[in-house]
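Only one structure is covered here, and it is reproduced in the block below.
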Amino acid sequence: MNNPSEACSAFIEILHNEIEQSQRLLDLLRTEYTLLQKGSPQALQELITEKREQLKRVEAAVASHNRFLEQQGYGTDRQGTETYIQQCSNLESTSETWHRLITLLEACHKQNETNGGAVQLNQRHVSQTLDILKGISQRDKTYGPSGESKPNSTSKSLGKA
41 MNNPSEACSA FIEILHNEIE QSQRLLDLLR TEYTLLQKGS PQALQELITE
91 KREQLKRVEA AVASHNRFLE QQGYGTDRQG TETYIQQCSN LESTSETWHR
141 LITLLEACHK QNETNGGAVQ LNQRHVSQTL DILKGISQRD KTYGPSGESK
191 PNSTSKSLGK A
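Plus 40 on top of the position in the sequence shown (first one is 1) and you've got my numbering.
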């Protein structure tokens, strides 16, 4: 693209696609959190498949963004994007769109972290339930090299009782 104005318009379209794909991902992450709270394994499994497909679409949108910047002679990192935006004639609009994308990506990251915490909590509850069934109390536990708790070898099991 020789016309800088056309190039900036094309870049805004790329950013809008990234926003659309990232918003869909955020919606899926929020749904995932709800399903994690409800303990709905079948629905969760279906959602995970859908989330993987959406991640591929997000990756494709990011690849398009990076290709565009490379073709324009800019780096594909945040600094490269912001440097490119500075030369756009519609600087304010392009910058605003870029910041919307950044905010959305940060929300995706935060929601993913929250979901990870919910998964860990669920795993801890399952582990505690299994320990109870095995006759392992919290005071019978020791810690492994990576900080995970594990049963002491002298613990008693309900199966032995």
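No residue lacks a Cβ here, since even glycine has one placed at the ideal position from N, Cα and C. Quick caveat, the model's predicted, so the values are computed rather than measured.
Rounded straight-line distance, which links the Cα of I52 to that of V98: Numbered from 1 along the sequence shown, position 58 holds the residue referred to as residue 98. Numbered from 1 along the sequence shown, position 12 holds the residue referred to as residue 52. So the two alpha carbons sit approximately 16 Å from each other.
Test item: CB-CB of R64 and Q94 under 8 Å: On the sequence shown, position 24 is the one that residue 64 refers to. On the sequence shown, position 54 is the one that residue 94 refers to. For R64 and Q94, yes; Cβs fall inside 8 Å.
So, helix, strand or coil for I176, using DSSP? Position 136 of the sequence shown, counted from the first residue, corresponds to residue 176. Note: I176 maps to coil in three-state DSSP.
What would DSSP say about S195, mapped onto helix, strand or coil? Residue numbering aside, residue 195 sits at position 155 when the sequence shown is read from its first letter. With a pLDDT of 47 at S195, under the threshold of 50, the modelled position of that residue is not reliable, and no figure is offered here.
In the structure shown, what three-state DSSP assignment does G115 receive? Taking the sequence shown and counting its residues from 1, one reaches residue 115 at position 75. Coil.
Enclosing alpha helix (DSSP H) for C48 [first to last residue]: Taking the first residue of the sequence shown as position 1, residue 48 is located at position 8. 44-78 is the extent of the alpha helix (DSSP H) around C48.
Roughly how many angstroms lie between the CA atoms of E46 and Q77, to the nearest whole one? Mapped onto the sequence shown, residue 46 falls at position 6. Mapped onto the sequence shown, residue 77 falls at position 37. Cα to Cα, the separation comes out at about 47 Å.
Identify whether S129 lies in helix, strand or coil by the three-state DSSP scheme. Looking up residue 129 in the sequence shown gives position 89. Coil, per DSSP.
Can a CB atom of chain B be found closer than 8 Å to the CB of I142? Of the protein chains in the structure, only one exists, and it is not chain B.
By the 10 Å Cβ neighbour count, where 16 or more other Cβ atoms means buried, how is L141 classified, buried or exposed? As a first step, residue 141 is located in the sequence shown; it is residue number 101 there, counting from the start. With 16 or more Cβ atoms within 10 Å of its Cβ, L141 is classed as buried.
Contacts around A83, its chain only, beta-carbon distance under 8 Å, and the 5 residues preceding and following it disregarded: The residue given as residue 83 occupies position 43 in the sequence shown. Cβ within range, chain order: L75.
From I176, E153, C148, Y114, pick the residue whose C-alpha is nearest to that of S62; which is it? As a working mapping, residue 62 is identified with position 22 in the sequence shown. Checked all of I176, E153, C148, Y114; the closest Cα to S62 is C148.
Looking at N130 and C48, is the spacing between their C-beta atoms short of 8 Å? Counted from its first residue, the sequence shown places residue 48 at position 8. Counted from its first residue, the sequence shown places residue 130 at position 90. In contact: C48 and N130 (Cβ atoms closer than 8 Å).
Measuring straight from C-alpha to C-alpha, what distance separates L55 and L68? In the sequence shown, the residue the question calls residue 55 occupies position 15. In the sequence shown, the residue the question calls residue 68 occupies position 28. Between L55 and L68, the C-alpha separation is close to 20 Å.
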